[in-house]
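For what it's worth, this note's numbering labels the leading residue of the sequence shown as 7, then goes sequentially. Just so it is clear, CB atoms sit at the ideal spot from N, CA and C, and this is done for glycine as well. A short write-up of the structure that comes next.
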Amino acid sequence: MFSFLKSKPPTTASVADQGVFIEVARGKTLLEAALEQGLSFPHNCKVGTCGTCLYRLDGGKISELTSSAMGLTQEQFQAGYRLACQTLPKTDLTITLDEALKRTQPVVEVGGRVASLAHLTHDIVELRVDLDEPIRFQPGQYAELLIDGVAAWRSYSFANPPHASNASVHFHVRLVPGGQFTGWLFAASRLGQAVRVRGPYGQFGLKPGASPIICVAGGSGLAPIKCMLEGASPEARRRPVIVLFGARTERDIYGLDAFEALKNTWEADLTFTPILSAEPADSSWTGGRGLVTDYIQTIPDIDHAQAYLCGPPPMVDAAEAALSKAGLTSDRIFADRFFDKSRVAAA
Numbered sequence: 007m008f009s010f011l012k013s014k015p016p017t018t019a020s021v022a023d024q025g026v027f028i029e030v031a032r033g034k035t036l037l038e039a040a041l042e043q044g045l046s047f048p049h050n051c052k053v054g055t056c057g058t059c060l061y062r063l064d065g066g067k068i069s070e071l072t073s074s075a076m077g078l079t080q081e082q083f084q085a086g087y088r089l090a091c092q093t094l095p096k097t098d099l100t101i102t103l104d105e106a107l108k109r110t111q112p113v114v115e116v117g118g119r120v121a122s123l124a125h126l127t128h129d130i131v132e133l134r135v136d137l138d139e140p141i142r143f144q145p146g147q148y149a150e151l152l153i154d155g156v157a158a159w160r161s162y163s164f165a166n167p168p169h170a171s172n173a174s175v176h177f178h179v180r181l182v183p184g185g186q187f188t189g190w191l192f193a194a195s196r197l198g199q200a201v202r203v204r205g206p207y208g209q210f211g212l213k214p215g216a217s218p219i220i221c222v223a224g225g226s227g228l229a230p231i232k233c234m235l236e237g238a239s240p241e242a243r244r245r246p247v248i249v250l251f252g253a254r255t256e257r258d259i260y261g262l263d264a265f266e267a268l269k270n271t272w273e274a275d276l277t278f279t280p281i282l283s284a285e286p287a288d289s290s291w292t293g294g295r296g297l298v299t300d301y302i303q304t305i306p307d308i309d310h311a312q313a314y315l316c317g318p319p320p321m322v323d324a325a326e327a328a329l330s331k332a333g334l335t336s337d338r339i340f341a342d343r344f345f346d347k348s349r350v351a352a353a
């Protein structure tokens, strides 16, 4: 009697040829469960848009938050591919992934308080949160923030590299017109406000090697690039770096002091070039104008570099295409697309 009131046991997703088993609690997506267990499941947007968390369903039954067909090609969907961020297992599953899962830092959730808010531009602030407990993360990863009663969880990249305590973390937050979270944050002083922080997420970060580094960032996409370079190892600091920062006008530029400081500690050449796409022709600006893709074409010996791209998806897509055209293969291009979740739910 009343057996329907009993909680259902978790399901298990077995990853073919890897000996990895992901236990998925009822109500959790396959991606959420994998990340909570410290597995490096590929992901980016987590809302079914980017297609990064692609896997092939070989056995078992699932339901979906939204159909994976929305984020996949017709050929992928017909071949049995699905998106882990939309997958709610109904039975035990057997799945196939194209890349090996590794153990990373498990996702944790901790409390904290807003310690400072500093304007970087007219629509980007640096938010510093002092945590009740430290979070372990790698430069390039991101966390989710929650203010009770304001909005749902929102994702922001760590803007400062990890330190010994990791008890204070920084994020660059851009004002989204009509956004619930960002509108609230920008409206008044929020010092002392309680905030929940959950993470780390993501696999974006500097890869091993000795080749030159090309970074392309737009808007608050500069945060993970800055974090990644500031947290670079002594060996990585011997690699030449070109940073192209795309912005609309001069008032959208920030990071000049931070990258000047980086330049002074970098052993190889490091250049930071802002490029403005909508600066008035009669302004006093003497720096780069146009699109970052115009400047990618001028980089010498690009075919053996590593490229790191962060920012709005259209900019990242255009930069990927320009890099490929210039001779850089896809395995040397690493991207972190900043999806505006206000398109799915108010930001």
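| task | List the endpoints of the continuous alpha helix (DSSP H) containing E38. | result | L36 to E42
| Can a CB atom of chain D be found closer than 8 Å to the CB of G198? | The displayed structure is made up of one protein chain only, and chain D is not part of it.
| field | Alpha-carbon to alpha-carbon, V131 and A287 | value | 28 Å
| query | DSSP three-state call for A324: helix, strand or coil? | reply | helix
| task | Take I24 and list the residues in its own chain whose beta-carbon comes closer than 8 Å to its own, dropping the five residues that flank it on each side. | result | For the record, residue 24 in the displayed sequence is Gln; it is not Ile. Contacts found: L103, A106 and L107.
| Secondary structure at E266, three-state DSSP: helix, strand or coil? | helix
| task | Pick out whichever of Y260, A274 and T304 has its Cα sitting closest to the Cα of R244. | result | A274
| Inter-residue spacing [alpha-carbon to alpha-carbon] between L99 and E81 | 21 Å
| task | Drop a sphere of 10 angstroms on the beta-carbon of F27, count the other beta-carbons inside from all chains shown, and report buried for 16 or more, exposed for fewer. | result | exposed
| task | Specify the secondary structure class of S161 as computed by DSSP and reduced to three states. | result | strand
| Beta-carbon separation (whole angstroms), T97 vs T35, contact threshold 8 Å | Rounded, the Cβ-Cβ distance is 15 Å, inconsistent with contact.
| said: Does the beta-carbon of V116, which I'm using as the reference point, lie nearer than 7 Å to any heavy atom of the ligand MG? | reply: In the structure on display, the ligand MG does not appear, and there are no ligands present to speak of.
| field | Collapsed DSSP secondary structure at S20 in the structure displayed | value | strand
| For the stretch 269 to 335, which segments carrying the alpha helix (DSSP H) assignment without a break, of at least 4 residues, lie completely within its bounds, in sequence order? | 298 to 302 and 319 to 331
| task | Note down, in chain order, each residue of its chain lying with its Cβ closer than 8 Å to the Cβ of L126, except the 5 sequence neighbours on either side. | result | E132, H178, Y260 and G261
| request: Quick one: grab the DSSP three-state call for T100. | output: strand
| Looking at L137 and S174, is the spacing between their C-beta atoms short of 8 Å? | yes
| message | Using C-beta distances below 6 Å, list every residue in its chain close to G208, excluding the 5 sequence neighbours before and after it, in chain order. | response | Q147 and Y148
| field | Where C59 sits in the DSSP three-state scheme | value | coil
| field | Residue environment, H128, which counts as buried when at least 16 other CB atoms sit within 10 Å | value | exposed
| If you check the beta carbons only, do I281 and G317 fall under 8 Å apart? | no
| request: With A193 as the anchor, note down where its beta strand (DSSP E) starts and where it stops. | output: That residue, A193, is in no beta strand (DSSP E); its alpha helix (DSSP H) goes Q186 to A193.
| query | Do the stretch 320 to 334 and the stretch 303 to 310 meet, that is, are 3 or more Cβ pairs less than 8 Å apart? | reply | yes
| said: Restricting to Cα atoms, I'd like to know which of A75, A242, L197 and V114 is closest to L123. | reply: L197
| When you compare each of P145, T58, M76 and D300 to H169 by their alpha carbons, which one comes out closest? | P145
| When the Cα atoms are used, what is the spatial distance from Q303 to A328? | 7 Å
| field | C59 versus Q43 - alpha carbon distance | value | 16 Å
| task | Return the first residue and the last residue of the alpha helix (DSSP H) that P230 is part of. | result | L228 to E236
| said: In the DSSP output, which residue or residues are listed as bridge partners for R221? | reply: Here residue 221 is Cys; the residue named in the question, Arg, does not match the sequence. Its beta-bridge partners are V249 and Y314.
| message | Pop quiz: A90 and A40 are said to be a contact at Cβ under 8 Å. What is the actual Cβ separation, rounded to whole angstroms? | response | 7 Å
| Integer-rounded CB distance, given that R204 should sit under 8 Å from E115 | 4 Å
| Measuring CB to CB, does I153 end up less than 8 Å from F187? | yes
| Exposed or buried, which one is F344 when buried takes at least 16 other CB atoms within 10 Å? | buried
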